[in-house]
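Engineer: Sequence lines, in order, name chains A and B.
Residue numbers for the first sequence, in the working numbering: 1 to 352.
Residue numbers for the second sequence, in the working numbering: 353 to 517.
Ideal placement from N, C-alpha and C gives every residue a C-beta, glycine not left out.
If you scroll down you'll find the structure; I have some questions about it.
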Amino acid sequence: MNRFDFLRPTGLTEAIAEGGKPGSAYLAGGTNLVDLMKIGVSRPERLVDISRLPGLDRIDWLEDGSVRIGALVRNADLAYDIRFASAFPAVAEALLSGASAQLRNAATLGGNLMQRNRCAYFQDGASACNRRVPGSGCDALHGENRLHAVLGWSENCIATHPSDVCVPLVALDAVVEIEGPQGPREIALDALHRLPGDTPELENALLPGELIVGLRLPAEAKAFAAKARYLKLRERMSYAFAVVSAAAMLTVEDGRIREARLALGAVAAKPWRARAAEASLIGALPDTEAFAGAAALALAEAKPSGANEFKIELARRILVRALTLAMEGTPAVMPALPASPFSTHTGDRHVA
Amino acid sequence: MTLSISLTVNGQPRAIALDDPRVTLLDLLRERLHLSGTKKGCDRGQCGACTVLVDGRRINACLSLAATLDGASVTTIEGLAEGEALHPVQAAFIACDGFQCGYCTPGQIMSAVGLISEGHAGDDAERVRELMSGNLCRCGAYKGITEAVLQAQREMTAETGRDAA
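What follows is the structure, given as structure tokens:
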């Protein structure tokens, strides 16, 4: 790990003044940044510890029916908040399907949004990576790439965004609240993460020194609470990043779909909202044919970036499964294995 | 640049001068406070061997910079037993044969203590396995570990019930 100056600002204004200086990085839970510093991928000269900043660890229910989650709310605290989890069950399920209990106790919501990709070539200093060293090339393109992107990738980068919770959040039109040297502003979560294009080193829409201070879910997002699921296929039962994942949320009126929200995870450099697929479901009967049609639309632009063509069909199937389970209804109790496609009912055992 | 932090470690207040902000809680415990019960496995948050409680919550000590923890209360495996009397989770790991080589055991036990106080597993072995998935055991003692967590939880719940009555 490189040497760095460690700063402990006591308030937001001071934190942003420090964070705006060259070579600075913000540190919250540290579960991603400290790891990347240990392997030399992140080398901040100045570390601005925001983990104790006052007022950013609250969940506030606002008068307009929206909810504001402070950027420092820990993943476990958000997932187990009874009011939040009952209003946004797919968000809670996604949170509980990510990482381990220890990491969820430390990791923050703001940090989850800002986490880096998990491409092995990004993490290996001896490999070429355009994100780590712009212009150096992409060793993933002709390397071990079976888990890489199938949507929105470019020849410059085929990494995926690893977040689980961002998938249902982007489907629910979450808004990111930002403070920075130029003052406060907000953007849609869908606009936070950038596709690689010709500038893969630009991972998000934040300007230098800007800090995510909170995230808001609009009042309308609560309408999906009764039919909402997040499903995540992993290469082991627990404590693994997604191969593909999907959030599916529905409202149904008179036997037909009134509104649908769909997003895919682990398929692109950002949580992938499937708007055309959502539109195709409006007014449709909630049956397998409609779900398969939506899944086909969601992956219509997909193409393999390597040995990962299987992910396209897998993503279609996880989306159909998520829609089918959402239509069955949000489970009354969080499943023992949150988001697992192998445990469709509470109490199912994966080992006899 | 020296950073001063105060920690309570296993109930003892400690004033610590950090000469280097890169020191993790894990290295602080092992190398500077000589509490080597907390183990370094992967040092990257993937194995759980370094699990300790910070302000009552289980975390990976390897990913936590000590400098961020001013004022925190830390409990390690050395802080569980009361004299010769083992903590119920320690006793249950022995009774249920919840280990083989023992290297992951301090982390397993601290994680189990955290799991029980979080209270989300009920008496469901599936939930215990899921909520212990951040602790790897390369000897494969998972069956005994799961039984130990459930047994300790039953005993601790019964104790709490007796105390309340």
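Ordered along the chain, which non-local residues of its own chain (more than five positions away) have a Cβ less than 6 Å from that of Cys399 of chain B?
Structural biologist: Counting only Cβ-Cβ distances below 6 Å, and skipping sequence neighbours, we find Gly393 and Leu488.
Engineer: What residues in the segment 397–418 of chain B have a beta carbon less than 7 Å from any beta carbon of chain A?
Structural biologist: Answer in chain order: Gly397, Gly400, Thr403, Arg409, Arg410, Ile411, Asn412, Leu415, Ser416 and Leu417.
Engineer: Give the straight-line distance between the Cα atoms of Ile50 of chain A and Glu201 of chain A, rounded to the nearest whole angstrom.
Structural biologist: Between Ile50 of chain A and Glu201 of chain A, the C-alpha separation is close to 24 Å.
Engineer: Please confirm whether Arg229 of chain A and Ala205 of chain A have their CB atoms less than 7 Å apart.
Structural biologist: Against a cut-off of 7 Å, the Cβ pair of Ala205 of chain A and Arg229 of chain A comes out as no contact.
Engineer: Going by DSSP in three states, Phe88 of chain A sits in which element: helix, strand or coil?
Structural biologist: Three-state result, Phe88 of chain A: coil.
Engineer: Which of the residues in the segment 100–122 of chain A, read from start to end, lie with their CB under 7 Å from any CB of chain B?
Structural biologist: Result list: Ser100, Ala101, Gln102, Leu103, Asn105 and Ala106.
Engineer: What does the alpha-carbon distance come out to for the pair Ala87 of chain A and Phe224 of chain A?
Structural biologist: When rounded, the distance between both Cα atoms is 8 Å.
Engineer: On the criterion of 16 or more Cβ atoms from any shown chain inside 10 Å, does Phe6 of chain A qualify as buried, or is it exposed?
Structural biologist: Phe6 of chain A should be labelled buried.
Engineer: Beta-carbon separation of Val267 of chain A and Leu151 of chain A under 7 Å?
Structural biologist: Yes, Cβ-Cβ distance for Val267 of chain A and Leu151 of chain A is below 7 Å.
Engineer: According to the Cβ coordinates, are Glu177 of chain A and Pro338 of chain A closer than 7 Å?
Structural biologist: It is not a contact, given that the beta carbons lie outside the stated cut-off.
Engineer: Comparing C-alpha positions only, which one of A:Gly29, A:Asn2 and A:Ser66 sits nearest to Ala221 of chain A?
Structural biologist: Checked all of A:Gly29, A:Asn2 and A:Ser66; the closest Cα to Ala221 of chain A is A:Ser66.
Engineer: If you draw a straight line from the C-alpha of Ala352 of chain A to the C-alpha of Pro168 of chain A, how long is it?
Structural biologist: Low local confidence applies: a pLDDT of 40 at Ala352 of chain A is under 50, so the model's placement there is unreliable, with the coordinate-based value given in what follows. One C-alpha to the other measures close to 32 Å.
Engineer: Please check the pair Gly255 of chain A and Asp164 of chain A, which I expect to be a contact at CB under 8 Å, by giving their CB distance rounded to whole angstroms.
Structural biologist: That pair is no contact at about 32 Å.
Engineer: Once the 5 residues before and after Ala300 of chain A are set aside, which same chain residues still bring their CB inside 7 Å of it?
Structural biologist: Closer than 7 Å at Cβ, skipping near neighbours: no residue.
Engineer: Closest to Ala419 of chain B by C-alpha separation, out of B:Ala367, B:Glu482 and B:Ala477, would be which residue?
Structural biologist: The residue with the shortest Cα to Cα distance from Ala419 of chain B is B:Ala367.
Engineer: Tell me Arg216 of chain A's beta-bridge partners as DSSP assigns them.
Structural biologist: DSSP lists A:Arg68 and A:Val175 as partners of Arg216 of chain A.
Engineer: Could you tell me which residues DSSP pairs with Glu309 of chain A in its beta bridges?
Structural biologist: Per DSSP, none; premise fails for Glu309 of chain A.
Engineer: So which residues of chain A does Glu434 of chain B contact, with C-beta pairs closer than 9 Å?
Structural biologist: None at all; the shortest Cβ gap to chain A is about 25 Å.
Engineer: Counting only Cβ pairs nearer than 8 Å, list the residues of chain B close to Ser238 of chain A.
Structural biologist: Within 8 Å Cβ-Cβ: Arg481, Glu482 and Ser485.
Engineer: Given that a residue counts as buried once 16 or more other Cβ atoms are within 10 Å of its Cβ, and exposed if not, what is Phe122 of chain A?
Structural biologist: Looking at its Cβ environment, which holds 16 or more other Cβ atoms inside 10 Å, Phe122 of chain A is buried.
Engineer: At a CB-CB cut-off below 7 Å, which residues of chain A make contact with His439 of chain B?
Structural biologist: Neighbours of His439 of chain B on chain A: none; closest Cβ ~19 Å, over 7 Å.
Engineer: Which residues in the same chain as Val406 of chain B place their Cβ atom closer than 6 Å to its Cβ, once the five residues preceding and following it in sequence are excluded?
Structural biologist: Excluding positions up to five away in sequence, the list reads Ala424 and Val426.
Engineer: Helix, strand or coil for Ser154 of chain A, going by three-state DSSP, please let me know.
Structural biologist: Reduced to three states, the DSSP call for Ser154 of chain A is strand.
Engineer: Using CA coordinates, which residue listed in A:Pro44, A:Arg43 and A:Ala171 is at the minimum distance from Ala90 of chain A?
Structural biologist: It is A:Ala171.
Engineer: By Cβ distance below 6 Å, which residues in the same chain neighbour Lys311 of chain A in space, the five residues on each side in sequence not counted?
Structural biologist: If we look at Lys311 of chain A and ignore the five residues flanking it on each side, its Cβ neighbours are Val150 and Val244.
Engineer: Does the Cβ of Thr160 of chain A have 16 or more other Cβ atoms within 10 Å, making it buried, or fewer, making it exposed?
Structural biologist: With 16 or more other Cβ atoms within 10 Å, it is buried.
Engineer: Residues of chain B with CB under 8 Å from Val41 of chain A, in chain order?
Structural biologist: Per Cβ cutoff of 8 Å: no residues; Val41 of chain A is ~12 Å from chain B at best.
Engineer: Quick one: what's Gln364 of chain B bridged to in DSSP?
Structural biologist: For Gln364 of chain B, which the question treats as bridged, DSSP gives the partners B:Val361.
Engineer: If contact means a Cβ-Cβ distance below 8 Å, which residues of the segment 451–474 of chain B contact chain A?
Structural biologist: From the segment 451–474 of chain B, only Ser463, Gly466, Leu467, Glu470 and His472 have a Cβ closer than 8 Å to chain A.
Engineer: Considering only the beta carbon of each residue, do Ala447 of chain B and His439 of chain B sit closer than 7 Å?
Structural biologist: No, the Cβ-Cβ distance between Ala447 of chain B and His439 of chain B is not below 7 Å.
Engineer: Using a beta-carbon distance below 7 Å, is Thr31 of chain A in contact with chain B?
Structural biologist: Yes - at least one Cβ of chain B is within 7 Å of the one on Thr31 of chain A.
Engineer: So, do the segment 100–120 of chain A and the segment 258–267 of chain A have three or more beta carbon pairs nearer to each other than 8 Å?
Structural biologist: Too few Cβ pairs lie closer than 8 Å, so no.
Engineer: Would you mind working out which of A:Gln182, A:Gly183, A:Ala226 and A:Leu323 sits nearest Ala246 of chain A, comparing C-alpha positions?
Structural biologist: For Ala246 of chain A, the nearest C-alpha among the options comes from A:Leu323.
Engineer: Can you tell which of A:Val133, A:Gln102, A:Ser136 and A:Glu144 has the C-alpha that lies nearest to the C-alpha of Cys119 of chain A?
Structural biologist: Ranking the options by Cα distance to Cys119 of chain A, first place goes to A:Glu144.
Engineer: Specify the secondary structure class of Ile187 of chain A as computed by DSSP and reduced to three states.
Structural biologist: Ile187 of chain A: strand per DSSP, three-state reduction.
Engineer: Tell whether a beta-carbon distance below 7 Å holds between Ala473 of chain B and Arg479 of chain B.
Structural biologist: Contact: yes.
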